[in-house]
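Peer 1: I have a structure I would like to understand better, so I am pasting it below and will then ask my questions one at a time.
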Amino acid sequence: MTISWVLEILDAELLTGQGAEGRELASACGSDLMSDVLCLRSAPNLLLTALTNPQCVRTAEMAEIAAICFVQGKKPPAETLELARRNGLPLLATGLSMFTACGRLFAAGLRCCGEGA
Amino acid sequence: MDSPRHVGKIRELVYELKVEAVMTRKLITLAPEAPMSGLRSILKSNRISGVPVVSGQTLVGLVSVEDFINWLAQGGRDCPVGERMSREVRTLSPGEPLVHAIGKLEQYGYGRLPVVDGERLVGLVTKGDIIEGLLQEMQVNSREEEELHRYRASHFFEDMIADRLTVNFQYQVRGKTIEQGGEVASDLKRSFKRLGLHPEVVRRAAIATYEAEMNVIIYAREGTVDVSVDPETIHIIVRDQGQGIPDIQQALQPGFSTAPDWVRELGFGAGMGLPNIRSCARSLDITSEPGQGTTLRISIPLEPERVCA
Amino acid sequence: MRLSQIAKALDLEPRCGDLEAEASGGYVSDLMSDVIAHAEAGDLWLTVQIHANIVAVAAMKELSGIVLTGGREPEAETLRKAEAKKITVLASKLPAFELAGRLYQLGLRGRERHAGGI
Chain A
1 MTISWVLEIL DAELLTGQGA EGRELASACG SDLMSDVLCL RSAPNLLLTA LTNPQCVRTA
61 EMAEIAAICF VQGKKPPAET LELARRNGLP LLATGLSMFT ACGRLFAAGL RCCGEGA
Chain B
1001 MDSPRHVGKI RELVYELKVE AVMTRKLITL APEAPMSGLR SILKSNRISG VPVVSGQTLV
1061 GLVSVEDFIN WLAQGGRDCP VGERMSREVR TLSPGEPLVH AIGKLEQYGY GRLPVVDGER
1121 LVGLVTKGDI IEGLLQEMQV NSREEEELHR YRASHFFEDM IADRLTVNFQ YQVRGKTIEQ
1181 GGEVASDLKR SFKRLGLHPE VVRRAAIATY EAEMNVIIYA REGTVDVSVD PETIHIIVRD
1241 QGQGIPDIQQ ALQPGFSTAP DWVRELGFGA GMGLPNIRSC ARSLDITSEP GQGTTLRISI
1301 PLEPERVCA
Chain C
2001 MRLSQIAKAL DLEPRCGDLE AEASGGYVSD LMSDVIAHAE AGDLWLTVQI HANIVAVAAM
2061 KELSGIVLTG GREPEAETLR KAEAKKITVL ASKLPAFELA GRLYQLGLRG RERHAGGI
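Residue numbers (the working numbering), protein chains in the order written: chain A, 1 to 117; chain B, 1001 to 1309; chain C, 2001 to 2118.
Okay, here's the thing in structure tokens:
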């Protein structure tokens, strides 16, 4: 599933990483606890979170996550955007709740990391 | 920079990149009922040479400067654009590679091609869009390649001649808020990539260092990170003079945490830090005196398969 | 949708409380402040947080229950408080993303502030 498809499914906006819309995302996870994300054996390609501080970008950097989508209409502060730009990390933002965002992406075929299909 | 390599990369990219990655999504369109007399100002004010004609969301035609001139030449009696537009429109689909788009623009001599998904108009591609998309992608690629280049260039340990070889990195964690944490892990990760370590080993070392760094910031405010790499193992020693850990076994239980609520609200302090470090490492040794501080000794083998997570 | 029905369909294991309540919506969050601000009464709450605060939050917001995701187990103190406040706590091996996905497929919805749900 490409980032541009995720943008459509979640009615989301691309905040950073313009030009990366064609990037493929094969797996996702939804979490607001960065340690929870860091402990996964294989990192998800897409992290859905309500946490907007720069630590989510750091977490993506360490765990090699390909994109982050902020849920619940949360908009990240300037430091988060700046760090994401420096790291070349696409940030997305949707007004949908985490529950609905997970529900829609799962229905569209996106799966958790470390799983077949 | 050597240009043959760049030309080769562009050749790859025109096959890899898809139309949807470069197309313009914000479109100026006209309904078939719109008056022909209004076309001039639309073309002029938007500096474009043609406008897609859309009924509902379905693309039904394209009206261009050429159609406008022909209409003028034939008297310029006002009528709906639907009567003068070209109905035979060449289109692209979002999933087509750029190389098709370039081929079609070239073949038909058009300045732009509409992108349709089924019959629905979803975007427009111009030569400018393609160039811009390629340039952006080249930038991303050159950043990644810079790292990769260094990775390949440095067979550091093989190149050095010594009876015993150790590379040391020292970092300070000081005066950082939780929001600012992660700089040490980030710098270390970049350095390890340049040193040419295995990507999975780099990932483990980065995660372990990041968790340890965040612990220092949350519980002790400041500390040091000393890293040494020999041909077999990465040793990471994180020291602080903070409050210490009263019961180490308890602290290693997943989910056990003494973090205050405000730390949890920032996405940390859920009792996963030490267990995470342990699962990234071959060994984790903790010594701590309450009130005196804590020292973590983390070792990670350079061969990824030797880590028992 | 009744909790017993959901638990059966998705292999959720009860840790405390009964399964009589009706879940009228779904909510996923690991931030207490977020749940306090945005969850609605009757929501079934999915989280990886296991400390006792989750019980106080669930009681305050009158949630229909808590599901601990990703194989997490509640702290002893959490269970004690949940018993006392009659809050249903369930556990699932599935990560939140997948559990929310499967609940969505069963027909449970998030309550969106904008748009009308779906």
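Ideal Cβ placement from N, Cα and C applies to all residues, glycine included.
#1: Quick check on residue 2028/C - is its C-beta less than 7 Å from some C-beta in chain A?
#2: Tell me which residues share the same chain as residue 1189/B and place their Cβ nearer than 7 Å to its Cβ, disregarding the 5 neighbours each side in the sequence.
#3: Does the segment 1031–1046 of chain B touch the segment 44–60 of chain A, meaning 3 or more C-beta pairs lie closer than 8 Å?
#4: CA-CA distance, residue 11/A and residue 55/A?
#5: Against chain B, does residue 190/A count as a neighbour if the rule is that its beta carbon must be under 7 Å from one of theirs?
#6: Ignore the nearest five residues each way along the sequence and tell me which others in residue 1018/B's own chain have a CB closer than 8 Å to its CB.
#7: Give the residues of chain C in contact with residue 1265/B, contact being defined as C-beta atoms less than 8 Å apart.
#8: So, helix, strand or coil for residue 1292/B, using DSSP?
#9: Can you confirm whether the segment 2005–2016 of chain C touches the segment 1285–1296 of chain B when touching is taken to mean that 3 or more C-beta pairs between the two stretches lie within less than 8 Å?
#10: Go through its chain and collect everything with a Cβ distance to residue 20/A's Cβ below 7 Å, but skip five positions before and after it.
#11: Any idea what DSSP makes of residue 1114/B, helix, strand or coil?
#12: So, helix, strand or coil for residue 1121/B, using DSSP?
#13: By the 9 Å beta-carbon criterion, what residues does the segment 2096–2113 of chain C contribute toward chain A?
#14: Would you identify the three-state DSSP class for residue 2047/C, choosing helix, strand or coil?
#15: Please list, in chain order, the chain C residues whose beta carbon lies closer than 8 Å to that of residue 1261/B.
#16: What are the partner residues of residue 2097/C, as DSSP defines its beta bridges?
#17: Spatial neighbours of residue 1035/B within its chain, please: CB distance less than 8 Å, with the 5 preceding and 5 following residues excluded, ordered by chain position.
#18: Quick check on the DSSP output: what are the complete beta strand (DSSP E) runs of length 3 or more inside the segment 2051–2099 of chain C, in order along the chain?
#19: Reducing DSSP to helix, strand and coil, say where residue 42/A ends up.
#20: Taking only runs of the beta strand (DSSP E) that begin and end inside the segment 37–113 of chain A, which ones reach a length of at least 3 residues, in chain order?
#21: With a threshold of 6 Å on Cβ separation, who are the neighbours of residue 1153/B within its own chain once the five nearest residues in sequence on each side are excluded?
#22: Measuring CA to CA, which of 1105/B, 1166/B and 1271/B is closest to residue 1129/B?
#23: Cα-Cα, which of 1236/B, 1289/B, 1114/B and 1290/B is closest to residue 1049/B?
#24: Within 7 Å of any Cβ in chain A, is that where the Cβ of residue 2057/C sits?
#25: How is the alpha helix (DSSP H) around residue 1204/B delimited, first residue to last?
#26: If you run the structure through DSSP and keep just helix, strand and coil, what is residue 1073/B?
#27: Can you list, in chain order, the residues of the segment 92–110 of chain A whose Cβ is nearer than 9 Å to any Cβ on chain C?
#28: Run through chain A and tell me which residues come within less than 8 Å of residue 2048/C, C-beta to C-beta.
#29: Is there at least one Cβ from chain B nearer than 7 Å to residue 21/A's Cβ?
#30: By a C-beta neighbour count over all protein chains shown, 10 Å radius and 16 as the cutoff for buried, is residue 98/A buried or exposed?
#31: Give me the residue from 1139/B, 1217/B, 1184/B and 1254/B with the minimum Cα distance to residue 1244/B.
Peer 2: Put simply:
#1: Along the third sequence, read from residue 1 onward, the residue named residue 2028/C stands at position 28. So, interface residue.
#2: Here residue 1189/B refers to the residue found at position 189 when the second sequence is read from its first residue. Contacts found: 1202 and 1206.
#3: no
#4: Here the question's residue 11/A lines up with position 11 in the first sequence. Here the question's residue 55/A lines up with position 55 in the first sequence. For residue 11/A and residue 55/A, the distance between alpha carbons rounds to 25 Å.
#5: In the structure as shown, chain A starts at 1 and stops at 117, and residue 190/A therefore has no counterpart that could be examined.
#6: The residue labelled residue 1018/B in the question sits at position 18 within the second sequence. The answer, listed in chain order, is 1094, 1095, 1096, 1097 and 1098.
#7: By one-based count along the second sequence, residue 1265/B stands at place 265. By Cβ distance, chain C contributes 2031, 2032 and 2033.
#8: Counted from its first residue, the second sequence places residue 1292/B at position 292. DSSP places residue 1292/B in coil when its eight states are reduced to three.
#9: no
#10: Start at 1 with the first residue of the first sequence, and residue 20/A comes out as number 20. The residues are 3 and 90.
#11: Here residue 1114/B refers to the residue found at position 114 of the second sequence. Three-state DSSP puts residue 1114/B in a strand.
#12: Taking the first residue of the second sequence as position 1, residue 1121/B is located at position 121. The answer is strand: DSSP assigns residue 1121/B an E or B state.
#13: 2096, 2097, 2098, 2099, 2100, 2101, 2102, 2103, 2104, 2105, 2108, 2109, 2110, 2111, 2112 and 2113
#14: Locating residue 2047/C in the third sequence gives position 47, where the first residue counts as 1. It is a strand residue.
#15: In the second sequence, residue 1261/B corresponds to position 261, counting from 1. Per Cβ cutoff of 8 Å: 2032 and 2053.
#16: For the purposes of this step, residue 2097/C is taken as the residue at position 97 of the third sequence. According to DSSP, residue 2097/C bridges with nothing at all.
#17: Position 35 of the second sequence, counted from the start, is the residue given in the question as residue 1035/B. Only 1078, 1079, 1080 and 1081 meet the Cβ criterion.
#18: 2065–2068 and 2089–2091
#19: Looking up residue 42/A in the first sequence gives position 42. Correct three-state label for residue 42/A: coil.
#20: 46–49, 67–70 and 91–93
#21: Taking the second sequence and counting its residues from 1, one reaches residue 1153/B at position 153. Only weak support is given to the placement of residue 1153/B: the predicted model assigns it a pLDDT of 47, under 50, and the value that follows is read from those uncertain coordinates. So the list is empty, once near-sequence residues are dropped.
#22: Counting from one through the second sequence, the residue named residue 1129/B turns up at place 129. For the residues 1105/B, 1166/B and 1271/B, the minimum Cα distance to residue 1129/B belongs to 1105/B.
#23: As a working mapping, residue 1049/B is identified with position 49 in the second sequence. Selected option, being the one with the closest Cα: 1114/B.
#24: Numbered from its first residue, the third sequence carries residue 2057/C at position 57. Output row for residue 2057/C: interface = no.
#25: Here residue 1204/B refers to the residue found at position 204 when the second sequence is read from its first residue. Run containing residue 1204/B: 1199–1215, per the alpha helix (DSSP H) assignment.
#26: Position 73 of the second sequence, counted from the first residue, corresponds to residue 1073/B. The answer is helix: DSSP assigns residue 1073/B an H, G or I state.
#27: 95, 96, 97, 98, 99, 100, 101, 102, 103, 104, 105, 106, 107 and 110
#28: The sequence position of residue 2048/C within the third sequence is 48, counting from 1. The answer, in chain order, is 31, 33 and 36.
#29: Locating residue 21/A in the first sequence gives position 21, counting from the first residue. For residue 21/A, the answer is yes, since a Cβ of chain B falls inside 7 Å of its Cβ.
#30: Stepping through the first sequence from its first residue, residue 98/A is reached at position 98. When all chains shown are included, residue 98/A counts as buried.
#31: Position 244 of the second sequence, counted from the start, is the residue given in the question as residue 1244/B. The candidate whose alpha carbon is nearest that of residue 1244/B is 1217/B.
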